[in-house]
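Here the structure comes first, spelled out in structure tokens, and everything after it is commentary.
Numbering (UniProt numbering), first residue to last: 1 to 481.
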């Protein structure tokens, strides 16, 4: 239970009770940024061990010359590793999609916001513990490595964590502070990414897989303890008191989730929600595509070493976090800029970075693109904050559940699209995928531009939410009729 603890310095005062889910997301994402490179490296190691002897695999992993001399074996291990990475991605993403869309999205609207925050952390702990055991027993079957992602997926995975955190913040904040608080939440991801990118390789190389997975278990364990002891279980105004059957509850959750987005609303709020979700998914399409091909593109086209690539990604995350913690609050509260103006700036910045990266033929241009693209973290926070302001408190979980589920599907589609498109277009133009991503962001830019005019002209300045009737309301109306 959060306590009001005031910290004062001269004329400045800060209440520690204002810190809510931000540390949870930081710890969760830090562990995630450690997990993905570690599990990929572990899969490569185990695939090799199941085909060759230990000495051969150790040299293959760390000796570049040996890799070139044994190109056929290296290609085989790499191909098998990609196959298993796809398996764990599906094992994590598909269950989490159904859990969020059918269950977790609306669960917080019914029983409070605390449990949906804790559940993904417990699933992540199970995944990291599974990874630790797979690292400890290297000769065990590769199929055991799917257990962790499956357990994580059925707990909602990272999309449930993001959904629950955004729902919690959307519930406790006012329209005037939503963008700032959402920006701080986004900053936690970027700061965690900065630290995770710089430390993951060092941990694996110097301490090994078991130690790295142990760090993840401790980190996510702290997130669970913090959530259980500190977070308030905030409730909606009209929690559902009845206890329906399990199946009927799931389908009601699904119906209400979609209904609160597409139902007719006065002042065309529903249309704004649909367009903003579309813009968010276009953003996710480009972000996931960049993550999938960045290392391949920069290593082959610009001769990036793993160390140089790590520094570039670390700088990227650091600058995005800095912008969300400093620039966004300043522009929002001092200059009084509207959310959509900041979102447009972020989309322009992101598109410009993609154009520079796609056209770059020297490494310094990529770093210049990172600096120019430092505002690209704003659109996600700005769109989520605006959508949260347009709906009631008891709809936050449903809305962010729909967003999280749609983004997970978009992420999968993006992986398939860009991984097929990149090798097919490389000889035509190496940076084609980045130019395509820039074009997609231009579409998102014009969607947001139309939304900006629409919101200013048709929705009140404080974005007062419209009421969304629950199932109980509908039944009462039907009875009255």
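Idealized CB from N, CA, C, for every residue including glycine.
- Taking residue 401 as the reference, which of 66, 162, 234 and 141 has the closest Cα? 162
- Query: So, are the CB atoms of residue 145 and residue 43 less than 8 Å apart?
  - Reply: yes
- Task: Give every residue of the same chain whose Cβ lies closer than 8 Å to the Cβ of residue 214, excluding the five residues on either side of it in the sequence, and list them in chain order.
- Result: 132
- How would you write the range of the alpha helix (DSSP H) that residue 116 sits in, first residue to last? 114-136
- Message: Taking the alpha-carbon of residue 198 as reference, which of 34, 343 and 216 has the nearest alpha-carbon?
- Response: 34
- Query: Contact check, residue 323 vs residue 367 under 8 Å by CB: the rounded distance?
  - Reply: At roughly 16 Å, the Cβ-Cβ gap does not stay under 8 Å, so residue 323 and residue 367 are not in contact.
- What does a CB cutoff of less than 7 Å around residue 92 pick up in its chain, not counting 5 residues either side in sequence? In the same chain as residue 92, and ignoring 5 residues on each side of it, the C-beta atoms closer than 7 Å to its own belong to 149, 152, 153 and 157, in chain order.
- Query: Are residue 18 and residue 114 close, meaning C-beta to C-beta below 8 Å?
  - Reply: no
- What did DSSP end up calling residue 316 once you bin it into helix, strand or coil? The answer is helix: DSSP assigns residue 316 an H, G or I state.
- Task: Take residue 70 and list the residues in its own chain whose beta-carbon comes closer than 7 Å to its own, dropping the five residues that flank it on each side.
- Result: 60
- Burial state of residue 418 (16 or more Cβ within 10 Å): So residue 418 counts as buried.
- Measure the CB-CB distance between residue 272 and residue 444 and report whether it falls below 8 Å. No, they are not a contact pair.
- Cβ atoms of residue 168 and residue 38: under 8 Å apart, would you say? No, the pair does not count as a contact, with Cβ atoms beyond the cut-off.
- Query: Three or more beta-carbon pairs under 8 Å between the stretch 340-356 and the stretch 375-386, yes or no?
  - Reply: yes
- What first and last residue would you give for the alpha helix (DSSP H) that runs through residue 234? For residue 234, there is no enclosing alpha helix (DSSP H), as DSSP marks it with neither H nor E.
- Message: Going by DSSP in three states, residue 304 sits in which element: helix, strand or coil?
- Response: Looking at residue 304 - three-state DSSP - the assignment turns out to be coil, as it is neither helix nor strand.
- Message: Please state the DSSP three-state secondary structure of residue 19.
- Response: Correct three-state label for residue 19: coil.
- Message: For residue 284, which residues in the same chain have their Cβ closer than 8 Å to its Cβ, ignoring the five residues on either side in sequence?
- Response: 407, 410, 411 and 414
- What does a CB cutoff of less than 7 Å around residue 467 pick up in its chain, not counting 5 residues either side in sequence? For residue 467, the predicted structure reports a pLDDT of 41, less than 50, and the residue's modelled location is therefore unreliable. The matter cannot be settled from this model.
- Find out if the Cβ-Cβ distance for the pair residue 302, residue 360 is shorter than 8 Å. yes
- Task: Check residue 423 in the structure and name its three-state DSSP category.
- Result: helix
- For residue 429, three-class secondary structure by DSSP: Three-state DSSP puts residue 429 in coil, outside helix and strand.
- Item | For residue 46, three-class secondary structure by DSSP | helix
- Message: If I measure Cβ to Cβ from residue 171 and keep anything under 7 Å in the same chain, skipping five residues before and after, which residues do I get?
- Response: 113, 234, 393 and 396
- Message: Would you call the stretch 188-197 in contact with the stretch 313-329, where contact means no fewer than 3 C-beta pairs closer than 8 Å?
- Response: yes
- Query: Is the distance from the Cβ of residue 27 to the Cβ of residue 293 below 8 Å?
  - Reply: no
- For residue 173, name the three-state secondary structure that DSSP assigns. coil
- Query: If you check the beta carbons only, do residue 128 and residue 228 fall under 8 Å apart?
  - Reply: no
- Query: If you scan the stretch 61-111 from start to end, which runs of the alpha helix (DSSP H) of 4 or more residues do you find wholly inside it?
  - Reply: 64-69, 71-99 and 105-111
- Item | Inter-residue spacing [alpha-carbon to alpha-carbon] between residue 111 and residue 453 | Residue 111 and residue 453: Cα-Cα distance of roughly 37 Å.
- Item | DSSP-derived helix/strand/coil call for residue 140 | coil
- Message: Within 10 Å of its beta-carbon, does residue 300 have 16 or more other beta-carbons around it, so buried, or fewer, so exposed?
- Response: Residue 300 should be labelled exposed.
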